[in-house]
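*Asks:* Just dropping this structure here.
Residue numbers (this note's numbering): 1 to 171.
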């Protein structure tokens with residue numbers, strides 16, 4: 001089963017190598033990896049997408065928590081979360097296909113960020129299903145090049161009950 005693990009780490013040299021090394025040393029694959037500083041420049045957030053059963057994920061989480069520079073590890077798939085990914089897709093655009101490429105991009109709320117006489121470069125951001133669907137729609141036109149970012153995820157805030165829901169719960 002696919003899992004998204006969020007790892008808050010100290011922003012220090014070699015931390016990413018140690019975290020990635022945990023996976024390779026145990027023969028686990030990283031499907032996607034994204035790293036960026038947080039609001040606090042001394043920390044970074046690593047978002048890892050991997051596949052494994054509950055036992056494997058539990059082992060990964062325990063090993064990650066042993067790394068000195070790791071401050072917090074969260075299995076996002078056990079919470080309510082939002083995830084996004086960005087893709088840049090360079091599509092061959094013969095004159096007869098240019099309108100079709102623009103129409104498909106528009107349907108997915110993607111943007112054409114570069115154009116040449118023979119290609120469009122389309123940028124799309126969304127959940128994995130949206131990105132995959134756009135790629136599948138553009139495939140018949142001829143994808144020349146495809147670059148995808150790693151997924152990023154953030155936990156949803158707990159819903160604050162409305163006054164009516166609070167009163168109903170008390171009754």
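A virtual CB, placed ideally from N, CA and C, is assigned to each residue, including glycine.
#1: So residue 126 is in the beta strand (DSSP E); what residue range does that whole segment cover?
#2: In three-state terms, what does DSSP make of residue 151?
#3: Tell me whether residue 80 sits in a helix, a strand or coil according to DSSP, three-state version.
#4: From the DSSP secondary-structure annotation, give me the bridge partner or partners of residue 56.
#5: Check the DSSP bridge columns for residue 129 and list the partner residues they point to.
#6: Can you tell me the Cβ-Cβ gap for residue 124 and residue 87, rounded? I've got them flagged as a contact below 8 Å.
#7: In three-state terms, what does DSSP make of residue 39?
#8: By Cβ distance, which residues of its chain are closer than 7 Å to residue 44, with the 5 residues on each side in sequence left out?
#9: Any chance the stretch 54 to 70 sits against the stretch 100 to 112, with 3 or more Cβ pairs inside 8 Å?
#10: What does the alpha-carbon distance come out to for the pair residue 61 and residue 29?
#11: Between the Cα of residue 91 and the Cα atoms of 157, 139 and 64, which residue gives the shortest distance?
#12: Which value, in whole angstroms, describes the spacing of the CA atoms of residue 33 and residue 78?
#13: Do the stretch 127 to 134 and the stretch 96 to 110 touch if we need at least three Cβ pairs shorter than 8 Å?
#14: Look up residue 24 in the DSSP assignment and give the residues it is bridged to.
*Replies:* Quick answer:
#1: 119 to 126
#2: coil
#3: coil
#4: Per DSSP, none; premise fails for residue 56.
#5: DSSP, once it has assigned bridges, lists no residue as partnering residue 129.
#6: 5 Å
#7: coil
#8: 9, 11, 35, 36, 37 and 38
#9: no
#10: 14 Å
#11: 139
#12: 19 Å
#13: yes
#14: DSSP, once it has assigned bridges, lists no residue as partnering residue 24.
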